[in-house]
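Asks:
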Amino acid sequence: MRSSLVRLQPFLDAEGILRVGGRIKNASCSNDVRHPMILPKRSSLARLIAAELHITMLHAGPQMIQAAMQRRFWVPGIRSLVRGIYRHCVRCKRLNRNSQQQQMSDLPRSRVTSTRCFLHSAVDFAGPYNLKFTHGRGAKSTKSYICSFICMSTGAMHLELTGDLSTISFIAAFKRFISRRGYCQHLYSDNGTNFIGAERELRAAFERCINDDKLKNYFVGTETTWHFNPPSAPHMGGYWEAGIKRIKYHLKRALASVLLTYEEFSTVLTEVEACVNSRPLCYLPSDVNDCEVLTPGHFIVGEPLKGIPDPEMQVFKGTLHERWQIISAIRQHFWKRWRDEYLANLQRRAKWFRPTQNLQGGDIVVIHDNNAPPTKWKLGRVLDSHPGVDGCVRVVNLKTSEGELLRPIVKLSLLPTKGDIFTI
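Heads up: the sequence shown begins at 1 in the UniProt record's numbering, then just goes up one per residue.
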């Protein structure tokens with residue numbers, strides 16, 4: 001007969017308690033240490049002892065609980081027992097910074113569909129940057145911001161300089177953007193107040209144009225659909241946040257601590273735009289005969305914006321129709337390379353590989369707040385969940401003491417249910 005206790009050489013003492021025989025009978029320590037009491041892992045007594053030690057030791061971690069418990073008791077599989085006690089402690093769970101996770105979702109259709117450049121775009125702000133009005137000593141300075149538009153499919157970027165973060169400044173930058181890059185069908189952004197106000201004003205202006213019979217036919221099909229990320233979810237806009245990071249990388253090295261005028265900074269900004277639109281979209285080719293890499297500039301002007309110009313081009317003398325066919329063939333060649341070289345690199349998930357259990361209505365969670373210590377984080381109850389196409393919940397509605405909130409699950413920590421809590 002096999003048993004996990006055979007190696008311990010257990011015996012019954014005078015009171016009928018099962019103890020460890022072991023090999024340290026000659027040790028100069030108490031009898032409870034030489035011959036600890038054997039307790040089953042699933043017994044209520046073992047769970048209560050571990051829970052009491054956890055509380056009396058000021059909510060110590062699993063290793064300290066295990067060390068203290070093994071001085072008097074021997075529990076087979078004690079590691080899983082103390083981990084369960086620690087994991088289901090409400091106070092430790094509230095102070096634990098580990099948040100909920102869910103499998104990384106599939107890329108949106110706008111990221112994996114070949115469409116006209118900037119037809120699907122994202123927008124974000126960077127700054128502030130100090131500018132001076134004039135040259136010379138004693139010149140006054142002011143703050144400015146960069147409004148960045150990035151194409152969701154090609155990664156091409158368009159940069160506009162604004163004086164502030166107001167709704168009016170953004171609408172002006174958006175008008176300049178669509179005047180030079182074309183109509184934007186879908187626009188993605190975070191939940192900034194300037195973006196929400198701009199979306200409200202643009203939607204009202206569009207409705208006024210639609211109601212006007214003279215302008216109705218002109219504006220049919222030109223409405224921009226705005227998609228907002230949930231509050232406190234910057235990871236859902238990681239694609240355009242990475243674009244902002246690239247802009248700051250070049251500006252930090254180009255400007256250092258130099259204070260520029262508006263014209264000078266605008267010039268530097270267009271140079272930075274050309275640099276980021278000349279970056280490779282995928283790994284550099286290993287073939288020495290294929291020295292041209294695919295860049296966002298290929299989808300804007302047909303070549304890298306910072307590339308070396310061709311030495312001499314022969315003038316094509318065909319008809320306009322033939323020239324258009326050649327241009328279309330070149331554009332199709334770029335999109336074919338985009339599908340073959342760039343799209344395959346988007347297959348892998350960087351993290352969050354496996355689906356986890358979804359949050360459900362009635363679950364009690366701790367709401368993470370970057371502006372407060374963990375002891376001040378608020379509690380919330382899940383009201384509604386918003387599952388994605390794959391059925392995974394990544395955003396939920398919460399009921400708090402101050403009202404309702406919309407939060408991503410990465411900003412939440414699930415508290416143990418009533419049946420999992422150990423009470424003494």
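Cβ coordinates follow ideal geometry from the N, Cα and C atoms, glycine included.
Quick caveat, the model's predicted, so the values are computed rather than measured.
Count the other CB atoms, across all protein chains shown, that sit within 10 Å of the CB of residue 434; report buried if there are 16 or more and exposed otherwise.
Replies: Past the boundaries of the shown model lies residue 434; the chain is included only from 1 to 424, so the question cannot be answered.
Asks: Across the stretch 141–161 and the stretch 375–388, are there enough close Cβ pairs to call them in contact, namely three or more that are closer than 8 Å?
Replies: Judged by Cβ distances under 8 Å, the stretch 141–161 makes no contact with the stretch 375–388, as fewer than three pairs qualify.
Asks: Determine the DSSP secondary structure at residue 215, reduced to helix, strand or coil.
Replies: Here residue 215 scores only 49 on pLDDT, less than 50, and its place in the model should not be relied on; the value that follows carries that caveat. The answer is helix: DSSP assigns residue 215 an H, G or I state.
Asks: Is residue 24 buried or exposed, if buried means 16 or more other CB atoms sit within 10 Å of its CB?
Replies: Label assigned to residue 24: exposed.
Asks: Near residue 135, which residues of its chain fall below 8 Å by C-beta distance, leaving aside the five closest residues on each side in sequence?
Replies: Excluding positions up to five away in sequence, the list reads 261.
Asks: Quick check on residue 151: buried or exposed, where buried means 16 or more other Cβ atoms within 10 Å of its Cβ?
Replies: That one is buried.
Asks: Going straight from the alpha carbon of residue 309 to that of residue 278, what length do you get?
Replies: Per-residue confidence for residue 309 stands at a pLDDT of 49, beneath the threshold of 50, marking its modelled position as unreliable; the derived number appears in the next sentence. The alpha-carbon atoms of residue 309 and residue 278 are separated by roughly 13 Å.
Asks: Just to confirm my understanding: we take residue 9, look at its own chain, exclude 5 residues before and 5 after, and list those with CB closer than 7 Å. What are they?
Replies: Same-chain partners within the cutoff: 21, 22.
Asks: Please state the DSSP three-state secondary structure of residue 294.
Replies: Correct three-state label for residue 294: coil.
Asks: Considering just the uninterrupted stretch of the beta strand (DSSP E) at residue 157, what are its terminal residues?
Replies: Residue 157 -> beta strand (DSSP E) spans 157–162.
Asks: Measuring CA to CA, which of 165, 295, 362, 353 is closest to residue 127?
Replies: Closest by alpha carbon: 165.
Asks: Can you name, in chain order, every residue of its own chain whose Cβ lies under 7 Å from the Cβ of residue 11, other than the five neighbours on each side?
Replies: Excluding sequence neighbours, residue 11 sits near 19, 21.
Asks: Which term fits residue 373, buried or exposed, when burial requires 16 or more other beta carbons within 10 angstroms of its beta carbon?
Replies: Exposed, by the Cβ-count rule.
Asks: Of the residues 384, 81, 243, 27, which one's Cα is nearest the Cα of residue 44?
Replies: The candidate whose alpha carbon is nearest that of residue 44 is 81.
Asks: Can you list, in chain order, the residues of its chain with a C-beta nearer than 7 Å to that of residue 303? Leave out the 5 residues immediately preceding and following it.
Replies: Closer than 7 Å at the Cβ level, and outside the excluded window around residue 303, lie 297.
Asks: Residue 282 to residue 66, Cα distance in whole Å?
Replies: Computed Cα separation, rounded: 51 Å.
Asks: Taking residue 150 as part of the beta strand (DSSP E), name the residues at either end of that continuous run.
Replies: Here the beta strand (DSSP E) through residue 150 covers 141–151.
Asks: Report yes if the CB atom of residue 356 is closer than 8 Å to the CB atom of residue 95, and no otherwise.
Replies: Not in contact: residue 356 and residue 95 (Cβ atoms no closer than 8 Å).
Asks: Starting from the C-beta of residue 405, find all residues in its chain whose C-beta is less than 6 Å away, skip the five residues before and the five after it, and write them out in chain order.
Replies: For residue 405, where only same-chain residues beyond five positions count, the Cβ hits under 6 Å are 398.
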